[in-house]
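Residue numbers (the working numbering), protein chains in the order written: chain B, 3 to 264; chain R, 42 to 303; chain E, 290 to 556. Where a beta carbon is used, it is the ideal one built from N, C-alpha and C, also for glycine. Written out below as structure tokens is the structure these notes cover.
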Amino acid sequence: MIKMEAICKSYRVAKRNAGFREACRSLLNRKYETIKALDHVSFTIEDGEMVGYIGPNGAGKSSTIKILSGILTPDEGKCLVNGRTPWKDRINHVREIGVVFGQRTQLWWDVPIIDSYQLLKDIYSISKETYNHNLEELTELLNLKELLKTPARQLSLGQRMRCEIAASLLHSPKLLFLDEPTIGLDAVSKLAVREFILKQNREHKTTVLLTTHDMQDIEALTRRIILIGKGRVLMDGNLEQIRQGGENIDETVAELYRAYNI
Amino acid sequence: MRAAVLLYGHYVSIHVKSMMQYKGSFLLAVTGQFLVSFNVFLGMFFMFQRFSAVGGFTYGQVILCFGIFLMEFSLAECIARGFDTFSSMVRKGEFDRVMVRPRGLVLQVLGSRFDLTRIGRMLQAVVMFAYGVKAGGICWDIPKALTVVFMLAGGTAVFFGIFLASAALCFFTLESLEIMNIFTDGAREFGKYPVGAYGKRLLQFCTFVIPYALVQHYPLLFLLGKRTEAWWMFVPLLAFWFVIPCYGFWRVGIKKYQSSGS
Amino acid sequence: MKKYLSFFRLRFSMGLSYRAAAWAGIATQFVWGGMEIAMFLAFYREEPGKFPMTIEGIISYVWLQQAFLALFAAWMLEPEVFESIKDGNIAYEMCRPMKIYPMLFARAMAMRISRAALRCLPVILFAVLLPGPYGLEAPKGAGRFALFLGAMILGVLVTVAFGTLIYAVTFFTISPEGLRLLVTSAMDFFNGAIIPLPFFPDKMKQVMEILPFAAMQNVPLRIYSGDLQGNGALRAVMLQAFWLAVLVAAGWAVMARAERKLTVQGG
Chain B
3 MIKMEAICKS
13 YRVAKRNAGF
23 REACRSLLNR
33 KYETIKALDH
43 VSFTIEDGEM
53 VGYIGPNGAG
63 KSSTIKILSG
73 ILTPDEGKCL
83 VNGRTPWKDR
93 INHVREIGVV
103 FGQRTQLWWD
113 VPIIDSYQLL
123 KDIYSISKET
133 YNHNLEELTE
143 LLNLKELLKT
153 PARQLSLGQR
163 MRCEIAASLL
173 HSPKLLFLDE
183 PTIGLDAVSK
193 LAVREFILKQ
203 NREHKTTVLL
213 TTHDMQDIEA
223 LTRRIILIGK
233 GRVLMDGNLE
243 QIRQGGENID
253 ETVAELYRAY
263 NI
Chain R
42 MRAAVLLYGH
52 YVSIHVKSMM
62 QYKGSFLLAV
72 TGQFLVSFNV
82 FLGMFFMFQR
92 FSAVGGFTYG
102 QVILCFGIFL
112 MEFSLAECIA
122 RGFDTFSSMV
132 RKGEFDRVMV
142 RPRGLVLQVL
152 GSRFDLTRIG
162 RMLQAVVMFA
172 YGVKAGGICW
182 DIPKALTVVF
192 MLAGGTAVFF
202 GIFLASAALC
212 FFTLESLEIM
222 NIFTDGAREF
232 GKYPVGAYGK
242 RLLQFCTFVI
252 PYALVQHYPL
262 LFLLGKRTEA
272 WWMFVPLLAF
282 WFVIPCYGFW
292 RVGIKKYQSS
302 GS
Chain E
290 MKKYLSFFRL
300 RFSMGLSYRA
310 AAWAGIATQF
320 VWGGMEIAMF
330 LAFYREEPGK
340 FPMTIEGIIS
350 YVWLQQAFLA
360 LFAAWMLEPE
370 VFESIKDGNI
380 AYEMCRPMKI
390 YPMLFARAMA
400 MRISRAALRC
410 LPVILFAVLL
420 PGPYGLEAPK
430 GAGRFALFLG
440 AMILGVLVTV
450 AFGTLIYAVT
460 FFTISPEGLR
470 LLVTSAMDFF
480 NGAIIPLPFF
490 PDKMKQVMEI
500 LPFAAMQNVP
510 LRIYSGDLQG
520 NGALRAVMLQ
530 AFWLAVLVAA
540 GWAVMARAER
550 KLTVQGG
């Protein structure tokens, strides 16, 4: 279970103005400003739930994911994931989560995929039985058989994403964070990835938190949606609630962004 | 501990495998490493065509000093390359991936790079060392052989500490990293002559602040018979203290990263 | 000309906006220079009679070398240019209304000058303020200073012309990376970056002084430090001009052939 209570996080960034004279001036004296990335964010996600976390760029989505995965320490607020505070007990916490950053790879570029997996087996100290069982199942479901012996650099984006997702699930995490998992994929790969995520959630009761800009992902995968903008939770409800009438979902969300002025 | 060593070995084997994919550029990089430090050697060689000694050390003795010091440096560079190139890891966001894995951060960063191309430099160091052993006019015995081993261990530790500290600096500034070149490339470059030759104040700095002299100047005096008490052979081991503050700084850096996320 | 100037301004303010980088670079160069001087002094203390330059001379040489590092450094050959020649992206540049040779020449010039402009003044200022023998001496006489400036300009031009010739040759090699490695270390060794030319044995020095590498930083720095004087200095500057002409002509010719080759292959 994920429980976030009044999480706040702000950053201090240097102001960098354009222009030659400004550049000279900033050599000696630089101004800073504070940006509130998260402003009292609270929500609860039950075990086995699948939740879409949406919002425009810079709304605070990746800060939230970073806090939940133990990378970032918030300024204020409480956060418990399966009874642990992520940033206080990093190693035990991350054993139980899987993270897919859509635009970065965790696979080794120049060696066959299976070598990356075997390294992950050692990193997570996965027992032989669990590893073999999971690998077999993932290979079957994601159709990886042909890919395992190929180096990551020779795979297409869609193939790589399938391998990427499998890599995040080898250690049977209870929780899966997906950060834009379908970005840049072709239609076939998108469908395959979506179908797999659904199955994983249904059969293993894996809790899934999904950020995306692709509203079709949301439509296909989640019942519940959390909308965040300017660091605050603006709406926490289900798809039907958002969809008033039969418009298409992209327009609905754009409408929402406009309504909240974000 | 055993598991950590095994995992590190697994990392190394993958690096070697990857490297074999690019045999041509591997050879080129090795040659490049060799040429760069060969130039440094040539500079020294021609200085000694003119002068017969520096700081009371003859050519053969200086070669011995340079050989050992360069070995210390290239060993550390080969192993701790992950810290040496840490800024790119942070920039590309790869460090987030390290944070979401249930293993020590130092071990993972160590494993993230293993640079075999450094054998170009190592090769040269070994040749110079062999020549210096012959030309240095040393009566070898077991304590002196042990001293060399201690020098290699202590020196690798000192450079490891410096790489660790400069990696930690990445958490505070990516821009001013160039300053660490003084302690890595600068030390490699100027460490060809025994520190004592540069004057008393630098010797003090390199004894008490960054203990280069403990793994270079002082044990060299013992090797050359200029100091005879047996305890001199253990001086290089004292240099291990340096790793402690560097690790402390690294921890501070991690805390900073967790609170700023960048 | 205007487009080169705006390119330069852009580079310069980019450099400025990273203020920490600028300070760090200056500090690094300063420490580096100090160490270099300490090293030469160590040799001087050992056998002053064998020292081929004056103490003030070598110290000035080292400080100016640090101050103008970016102008003459061999590693400023850009890996991106080699890369774009290797993968053929350079062909896109041919669509622009500029010849490749002057384009690459100007680009390298702007790179070097903008980098050096940011760093040279603080290093020189620090070096002048240093006490006693460790500091940079004031120039001796207007005539020599003028000659130094002329030799500086020629030196930078020769460095850039040499680099551009290497870019041109790259079109005809299979391993640009290997070529870069070889050229960089040869440049470092022969142009006096590792140790100044007067420190080499006399016979070697005589040969090295004729090579184009000696027409880079060697001449201006030694004119300033008083090591090259009178007729010797004039002859060296003339040799610089000669090499500049040869290198530009060679670079231009090789690049023209490379362009033809590219066009024939269709990029």
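Alpha-carbon spacing of residue i relative to residue j, whole angstroms
i      : j      : result
B/L172 : B/L146 : 13 Å
E/L536 : E/V447 : 7 Å
E/W532 : R/I109 : 42 Å
B/K176 : B/T209 : 6 Å
E/A545 : E/L454 : 11 Å
R/R142 : B/E205 : 25 Å
R/I92  : R/F98  : The amino acid at residue 92 of chain R is misidentified as Ile; the sequence shows Phe. In a straight line, the C-alpha of R/F92 is about 11 Å away from that of R/F98.
E/M392 : R/F263 : 58 Å
R/V284 : R/F89  : 35 Å
B/L236 : B/K33  : 31 Å
R/A280 : E/E426 : 40 Å
E/D376 : R/F86  : 40 Å
E/I484 : R/C247 : 24 Å
R/G227 : E/M324 : 9 Å
E/S295 : B/G72  : 46 Å
R/Q299 : R/M42  : 26 Å
E/I442 : R/A194 : 49 Å
Within-7 Å CB hit, residue i to chain E
i      : result
R/L111 : no
R/S207 : no
R/V168 : no
R/V250 : no
R/L157 : no
R/L69  : yes
Neighbour-count burial assignment, residue i, 16 or more Cβ in a 10 Å radius
i      : result
R/W272 : exposed
R/A113 : Here residue 113 of chain R turns out to be Glu, not Ala, going by the sequence shown. Buried, by the Cβ-count rule.
E/F437 : buried
R/D182 : exposed
E/N480 : buried
R/C287 : buried
B/W111 : exposed
E/N507 : buried
E/V351 : buried
Helix, strand or coil at residue i according to DSSP, with G and I counted as helix
i      : result
B/L229 : strand
B/K38  : strand
B/I47  : strand
B/M237 : strand
E/G555 : Because E/G555 carries a pLDDT of 49, less than 50, the predicted location of this residue cannot be relied on, and the following value inherits that uncertainty. Coil.
E/M342 : coil
E/I484 : coil
B/P88  : coil
R/R268 : coil
R/V95  : strand
B/D181 : strand
R/P252 : coil
B/M52  : strand
Cβ of residue i within 7 Å of any chain R Cβ
i      : result
E/I499 : no
B/I125 : yes
E/M324 : yes
E/L470 : yes
B/D117 : yes
CB contact check: residue i to chain B, cutoff 7 Å
i      : result
R/E297 : What sits at residue 297 of chain R in the sequence shown is Lys, not Glu. With 7 Å as the cut-off, R/K297 does not count as an interface residue toward chain B.
R/S93  : no
R/K64  : no
- request: Report the residues of the region 42–56 of chain R with a CB closer than 8 Å to any CB of chain B, ordered along the chain.
  value: A44, L47, L48, H51, Y52, I55
- prompt: Which residues, taken in chain order from the region 76–90 of chain R, show a beta carbon closer than 8 Å to some beta carbon of chain E?
  reply: L76, V77, F79, N80, V81, L83, G84, F87, M88, Q90
Contact set between the region 129–145 of chain R and chain B, restricted to residues whose Cβ is under 9 Å from the partner: K133, G134, E135, F136, D137, R138, M140, V141, R142, P143, R144, G145
task: Determine which residues of the region 51–76 of chain B have a Cβ less than 8 Å from any Cβ of chain R, and write them out in chain order.
output: S65, K68, S71, G72, I73, L74, T75
message: If the cut-off is 8 Å on Cβ atoms, which residues from the region 201–217 of chain B count as contacting chain R, listed in chain order?
response: none
Residues from the region 230–249 of chain R in contact with chain E, defined by Cβ distance under 7 Å: F231, Y234, A238, Y239, G240, L243
- prompt: Closer than 7 Å, Cβ to any Cβ of chain R: which residues of the region 472–494 of chain E, in chain order?
  reply: S474, D477, F478, I483, I484, F488, F489, P490
field: Residues of the region 84–109 of chain B with Cβ closer than 8 Å to any Cβ of chain R, in chain order
entry: W89, R92, I93, N94, V96, R97, I99, V101, F103, R106, Q108
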